[in-house]
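Data first, discussion second: the structure below is written as structure tokens.
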Amino acid sequence: MTLQDLFSQSFNLTTNTVFFPVRHHSPACSWHLERVFEEYQPDCILIEGPEDTNHLNPLLVHSDTETPIAIYYSFHDKGGMLGEKDKRYRCYYPFLDYSPELVILKKGLEHGVKTEFIDLNYPNILLASQEQKGLRKEGRKQAYGDEHRLFQSHYIQTLCEKEGVRDFNELWEKHYEVNGLGKSTADFVHSMLGYCYYARIEQSEESLEAEGCLARERFMAEKIREAQEKYDRVLVVTGGFHTLGLVELLNAKKPKKQKVRKIKPEEVGTFPMAYSFREADQVMGYASGMPHPAFYQKVWDNIQSSGIDDAYRLTVRDYVVRTGRAVRKLEEPLSTADEIEALNLALGLRDLRKKRDAGVYELLDGVHSCFIKGELSDMNATPLQEMGKLLQGERFGNLCDEAPVPPILEDFREQCQKLKLKVATNNSQEEALSIYQKPTPT
Amino acid sequence: MPPPIAEDCVLLHHKFKLFQNMSQNQHLKPPVEVSYQKELEALATHDKAPKPATWKLSPQAVRTFILGAEKPLVHKGEEITISRKFFGNDALIERCIVTLAGNRGLMLVGEPGTAKTMLSELLSAAICGTTAHTIQGTAAVTEDMIKYSWNYALLLAKGPVPEALVPSPLYVGMRDGLITRFEEITRCPAETQDALVSVLSDKVMTIPELGQEGHLYAKAGFNLIATANTRDKGVNEMSAALKRRFNFETVRPISNVNLEAKIIEQESMELLRSNGIEPQIDTDLVGLLATTFQELREGVTKEGHRVESPFTVMSTAEAVSVYYQSALSAHYYGEEAIAPERIVENLVGAVLKENEDDLGRLKAYFDVVIKQRAISEEGLWKKYYEASGRLK
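So the protein lines, in turn, are chains L and B.
Following this note's numbering, the numbering of the first sequence begins with 1 at its first residue and continues without gaps.
Following this note's numbering, the numbering of the second sequence begins with 443 at its first residue and continues without gaps.
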């Protein structure tokens, strides 16, 4: 199938099924997805996510719930169906305000549209993956929507060199996040598909099967087929890497069915949990999601309040000022003049690099040249360190009151409250305990 | 007279060619705007992008000049390849270009031999077509060398008239809207450096002797590129007021062995050519040399073992020098190829500059690291280790 075929078959708003390819946690994808929802008016929305956590959806989209949040998924393999008895497995599915999945989940449920996750559940993904492949890789935190394949392909390095960017994330930000906001939705989807298509075609069937990718697509394709029989306008939102696989499966006359093993309910635990920017950054970092969550949160907030034309410039300006203030608090000399120059440099680089607007890389460059006086070394890198903290952010999420809390967590929180210990933070705290104080009468 | 023997003819011809080349390249080192004249002209012809003030090329074209282009440009019927002239950090180049188009000066800092001067020349040549307006910073620099001085004969004859004023490179840059270069700015006494503060902030130079007309306002397009060597006097002694007038860019040594080998190759080829010698680069030997320099500079071998770095700076420029000297020796002393002994001899010259203990460090490197590699990898590494017997 050519790229053009893929595009015309997957993204035609007059047909009964529209595929929207996303990168997880991408503001540009979320923004365009909202436009597609308005235009297509689907009566069914199917999202890449564990199909056995749909009961948690109302909690995720609740108006009192604040991101960052995540679905925590644990599996206790008592019987050893994965090879080792009693082994425990876990993974996280983070959601931020600008995650396309959360955005469309909210939109769908708000408008009373049938909206659900349709991916294989976690234990079955593990079953379908070979040892040490995909979600079965050990030694790091696992994210459900792992998309490392999008930036490990061979032609990425050459592409980066040709584009004059430093790494994949800069390439992505330039063409998809920053420039993508200025494109029409059709153009955006076309270029998204283009990227995912070329990343996909160089992967072998064997490696895709070994990572459980094809198993998931077979399962999702079946779900899509079921929905197509009941609904007139089905919107499918998945990682862009899967779009080609899904379309081909749906075109096949006798598609292979995915065997699903029944898992004992007591071996599985799914919980919504409050998450933090730092944890999301780390998890996404391993799965190589977009770094700098607080920066893109600000971009998203600015898109909502000021529109797409000013969002990035305002965010860069905001960060220049906040970094300046953070550095001054540490009593290092930095003036408003330095901030003006940093912003000027960022905007000048935007023009030289022919980007639609200045993004996080221009911000980093501006602060690098204008805030650091002297040879860059560990001793005078404070501005970059402070900015790094601000780009990651300190935000903690909050679940609504109706969310089920595991008893042990409830007890822990109560104890902390009693002892006046702060828990909503990533930083290590020091508490002086008043052990000599007479107990206050309760 | 007996007819000349064939060998004599070849030798005569070679000597003649050498002489011809040397008289053509009369300058030891032509300025960048002359060496790359064709490239700059080709870029200017094809440059449709907007240019700031007096710039000869647009920022995009300056970038292409320094970082190279894939496809050659056609200029006056000839295909001109725009070569890559700076390796290792493209974003640095972009920041430099944007800085020079803005309000602040550009300060390039770093260890010796990291191509700061070369970069300042490339930027200057591309932006304003000349690298001539340069102030060389030394401990003896005085304020009149930075600003202006007088033709004393005319001064005495006619008094302080504009014709009697002898402009400094800074003065010319401001007057004509060009780039002024200030090499080794931190070697100047701090008081002299501070003469720049008012020039850079208000972009005006006062000449009290000329009375009412004694103000030179910088023309748009003027900017300053300064370099500072952090091994000698760092920028620590520079006044905060002056630091504020610059954007700082740290130029780092190359961290990629293959890249360093490529640079040694390219630079050596150019040096040999300008000497009239047709270069035949021994890439294995270059690789060896690049590895040596990387490992001694970083203090860690490619196998991950720690080594003690020499006190002296092991820069890429030094590595080029070692190869070039070795190639020259081989050429003039009639050797077929560069022997590893030559490299070792010239290496000593590069390393033993400041600290006697550095010779010991170099010996230790050979006795431990190279010896091990000679055993495990043999071949050229073995010859290299055997050549280290020369280290006395």
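Where is the CB? At the ideal position from N, CA and C, for every residue including glycine.
- Under the three-state reduction of DSSP output, V749 (chain B) falls in the coil class, being neither helix nor strand.
- Taking all protein chains in view, the Cβ of D799 (chain B) is surrounded by fewer than 16 other Cβ atoms within 10 Å, so the residue is classified as exposed.
- If you check each beta-carbon in the segment 363–375 of chain L against every beta-carbon of chain B, the ones closer than 8 Å belong to D365, H368, S369, C370, I372, K373, G374, E375.
- Cβ-Cβ distances below 7 Å link P602 (chain B) to E651, L652 in the same chain, with the five nearest sequence neighbours on each side left out; the list follows chain order.
- Of all alpha-carbon atoms in B:L598, B:S610, B:T692, B:L596, the one lying nearest the alpha-carbon of K558 (chain B) is that of B:T692.
- Rounded to the nearest whole angstrom, the C-alpha separation of C400 (chain L) and P407 (chain L) is 16 Å.
- Taken through DSSP and simplified to helix, strand or coil, R546 (chain B) comes out as coil.
- Under DSSP, the beta-bridge partners assigned to E520 (chain B) are B:H517.
- Distance from the CA of I522 (chain B) to the CA of P514 (chain B), rounded to the nearest whole angstrom, comes to 5 Å.
- Taking 8 Å as the upper bound on Cβ-Cβ separation, chain L lies near residues D532, A533, E536, R537, I539, V540, T541, A543, G544, N545, R546 of the segment 517–547 of chain B.
- Here R687 (chain B) is buried: its Cβ has 16 or more other Cβ atoms, across all protein chains shown, within 10 Å.
- In this structure, DSSP gives Q578 (chain B) an extended state, which the three-state scheme calls strand.
- The CB of K685 (chain B) comes closer than 9 Å to the CB of K373, G374 in chain L, given here in chain order.
- When the five nearest sequence neighbours on each side are left out, the beta carbons in the same chain lying within less than 6 Å of the beta carbon of L597 (chain B) are those of A606, in order along the chain.
- Not a single C-beta of chain L is nearer than 8 Å to the C-beta of F624 (chain B).
- Counting other Cβ atoms within 10 Å of its Cβ, P695 (chain B) reaches 16 or more and is therefore classed as buried.
- Below the 7 Å Cβ cutoff, chain L contributes E375 as neighbours of G552 (chain B), in chain order.
- Taking 8 Å as the upper bound for CB-CB distance, F277 (chain L) and Q392 (chain L) are in contact here, some 6 Å apart.
- Taking 7 Å as the upper bound on Cβ-Cβ separation, chain B lies near residues G164, R166 of the segment 153–171 of chain L.
- C-alpha of V728 (chain B) to C-alpha of E702 (chain B): approximately 9 Å in a straight line.
- The beta-carbon of P333 (chain L) is placed less than 8 Å from the nearest beta-carbon of chain B.
- Neighbourhood of A682 (chain B) in chain L, by CB distance below 8 Å: P333, K373, in chain order.
- With a threshold of 8 Å between beta carbons, L352 (chain L) makes contact with chain B.
- A straight line joining the alpha-carbon of N57 (chain L) with that of N121 (chain L) spans about 15 Å.
- Residue environment: K744 (chain B) is assigned as exposed (fewer than 16 neighbouring CB atoms within 10 Å of its CB, all protein chains considered).
- Chain L has a Cβ within less than 8 Å of the Cβ of E691 (chain B).
- The C-beta separation of K87 (chain L) from G79 (chain L) comes to about 10 Å, leaving the pair out of contact by the 8 Å criterion.
- For A599 (chain B), there is no enclosing beta strand (DSSP E); the enclosing alpha helix (DSSP H) covers residues 594–600.
- For N665 (chain B), the three-state secondary structure derived from DSSP is strand.
- Of all alpha-carbon atoms in L:F117, L:N398, L:R90, the one lying nearest the alpha-carbon of P100 (chain L) is that of L:F117.
- When only Cα atoms are considered, Q297 (chain L) and G324 (chain L) end up about 20 Å apart.
- Secondary structure note for T270 (chain L): its beta strand (DSSP E) is the uninterrupted segment 268–274.
- Residues are counted here when their Cβ sits less than 8 Å from a Cβ of chain B; for the segment 337–352 of chain L these are A337, D338, E341, N344, L345, G348, L349, D351, L352, given in chain order.
- Taking the Cβ atoms as the reference, L345 (chain L) lies roughly 7 Å from R537 (chain B), within the contact range of under 8 Å.
- Annotation: Q4 (chain L) to L181 (chain L) spans about 22 Å, alpha carbon to alpha carbon.
- Between A274 (chain L) and N398 (chain L), the CB-CB gap stays under 8 Å.
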